[in-house]
């Protein structure tokens, strides 16, 4: 009991201290300014979580550029509402709703690990043939994983991916973001080694004022809401980093991949450079999802 409490407490403290550090950095560094991007007519983009926050702003910008956008999420009505708002703003916008399977937790996976990591792993795997074909016929296909600086205090414990020993929502979130970074890095390497026209990168949009914090303890939620208005980035600013990674020709080929924040590649934590741990998580994920 005591050890579990200490684990949850320390996990929360580490995450909030990291958040304070990130906020200080955001005061110094200006948000990414998205350059004028070329039209995306004929291209298809799938945006998970596109019904609100950063995802909504990404969908909105892609639709304005003429891309056919598919919104993937767990709330169909939220996606439909987003489509209506976008279509009212841009009469030529093309968007649809695709319900990404939300049944990861029903299969026994910890929610953060299932939704933030395994769900995106599965979606990318199922679309791999399409991504390859699209990359051969036109511009290189891009897979952009929206991760977080929280990955740097995450930990991948291969024999306890579901956080069964001690559970902390804070630790589980950080672990899932590190898993995302592992997947993005290893997937990019696999594509490059096979000379496949698909690039993958992990993007940190910074601390952005979105609904991500809605599950905080109410007093913390109130404090976060006040701080966010002053110091957090807006969803539009957060989306700029994602869009830059997805659309900029400068990130194609050998220049792609890696971990990106504030519009440029950054060095990540030491565990993210462990190719053996990346490969082990990759193999376990394939087994968990029943893939070949």
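In mature numbering (1 follows the signal peptide of the UniProt record, and there is no 0), the protein residues as written are -25 to -1, 1 to 267.
Each residue gets a CB set at the ideal place from its N, CA and C atoms; glycine is no exception.
Since the structure is predicted, the reported quantities are computational estimates derived from the model, not experimental observations.
Query raised in the report: So, are the CB atoms of residue 22 and residue 215 less than 8 Å apart?
Result: Contact flag unset, no.
Query raised in the report: Considering only residues of the same chain and omitting the five flanking positions on each side of residue 233, which have a CB-CB separation below 7 Å?
Result: 176 and 240
Query raised in the report: Enumerated in chain order, which unbroken segments of the alpha helix (DSSP H) with a length of 4 residues or greater are wholly contained in the segment 145 to 206?
Result: 193 to 206
Query raised in the report: In this structure, what does DSSP give as the bridge partners for residue 235?
Result: Per DSSP, 178 and 240.
Requested in this report: Could you check what DSSP says for residue 18 in three-state terms: helix, strand or coil?
Outcome: coil
Query raised in the report: Quick one: what does DSSP say residue 91 is sitting in, helix, strand or coil?
Result: helix
Report task. Specify, as a first and last residue, the run of the beta strand (DSSP E) that residue 272 falls within. Result -> Here the chain covers residues -25 to 267 and nothing more, so residue 272 does not appear.
Report task. Identify whether residue 141 lies in helix, strand or coil by the three-state DSSP scheme. Result -> Coil at residue 141, not helix or strand.
**Report entry** Buried or exposed by the 16-neighbour rule on C-beta atoms within 10 Å, applied to residue 16
**Finding:** exposed
Query raised in the report: According to DSSP, which residues form a beta bridge with residue 121?
Result: 178
Report task. Step through the CB atoms of chain B and report whether any lies within less than 8 Å of the CB of residue 18. Result -> Although the question refers to chain B, the structure presented lacks it and comprises just one protein chain.
Query raised in the report: By how many angstroms is the C-alpha of residue 112 removed from the C-alpha of residue 145?
Result: 42 Å
Requested in this report: Write down the C-beta distance between residue 133 and residue 261 rounded to the nearest angstrom, noting that I regard them as a contact closer than 8 Å.
Outcome: At roughly 13 Å, the Cβ-Cβ gap does not stay under 8 Å, so residue 133 and residue 261 are not in contact.
Query raised in the report: Using the C-alpha atoms, what's the distance from residue 107 back to residue 128?
Result: In this structure, the alpha-carbon of residue 128 lies about 34 Å from that of residue 107.
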